Amino acid sequence: MGKLIYNSSARELEIDDRTLAHLRVAILNKLRRSESFAMTWEHGLENGSGRTTIWLHESIPLQFVFSGNRQPKLNRLWVEQFLLTANSTAGLHWVPEPEQQEEFEGD
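Each step along the sequence shown adds one to the number in the working numbering, with nothing skipped, and position 24 is 36.
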C-alpha cells in the first residue's frame with residue numbers, strides 16, 4: 013500500500029501501488045504543464061466515511077511513496093481517464109481501471 017503525501021499535512025492518503033503509479037503519471041503530467049486542479053477522494057466507512065478535496069498546485073510539495081520496488085506496467089487508458097476527471101469541474105477522482113488495451117512504461 014503506497015501513500016500520497018501532500019504539503020506538510022499529517023494526512024496521508026493510502027492507495028495501492030498500482031493505482032498510485034497511474035495517479036502519479038496523471039498528476040505529474042498536469043503539474044508539469046503548470047495546470048492546477050482539485051483532487052477528491054472518499055474516506056471509506058473504515059475511516060469514518062466522508063470525503064476530502066485538495067487543490068494541487070505545482071508549488072506545493074507532493075510525494076508518492078510506494079511500498080513495493082517494482083514499477084507496474086501502466087494502462088494508458090486508465091491514465092487518460094484520470095486526466096479527463098482532473099480536467100472536469102469535479103476534479104481528479106478515482107475511476108475503476110478499464111480493460112487493458114495498451115501498456116506503457118511509466119516516467
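All C-beta atoms, glycine included, are put in the ideal place defined by N, C-alpha and C. All values reported here derive from a predicted model rather than from experimental measurement.
Straight across, the Cα-Cα distance linking G56 with F49 is about 23 Å. When the beta-carbon positions are compared, T52 and G103 come within less than 8 Å of each other. Runs of the beta strand (DSSP E) lying entirely within the stretch 61-96, each at least 3 residues long, are 63-68, 74-77 in chain order. In the DSSP assignment, the residues bridged to E24 are I17.
Counting along the chain, no alpha helix (DSSP H) covers T101, and no H or E run does either.
The DSSP-derived three-state label of E58 is helix. The Cβ-Cβ distance between P110 and L86 does not fall below 8 Å.
Residue pairing of W53 in beta bridges, as defined by DSSP: T64. The C-alpha of N41 lies about 32 Å from the C-alpha of E58. Rounded to whole angstroms, G14 and R23 show a C-alpha spacing of 13 Å.
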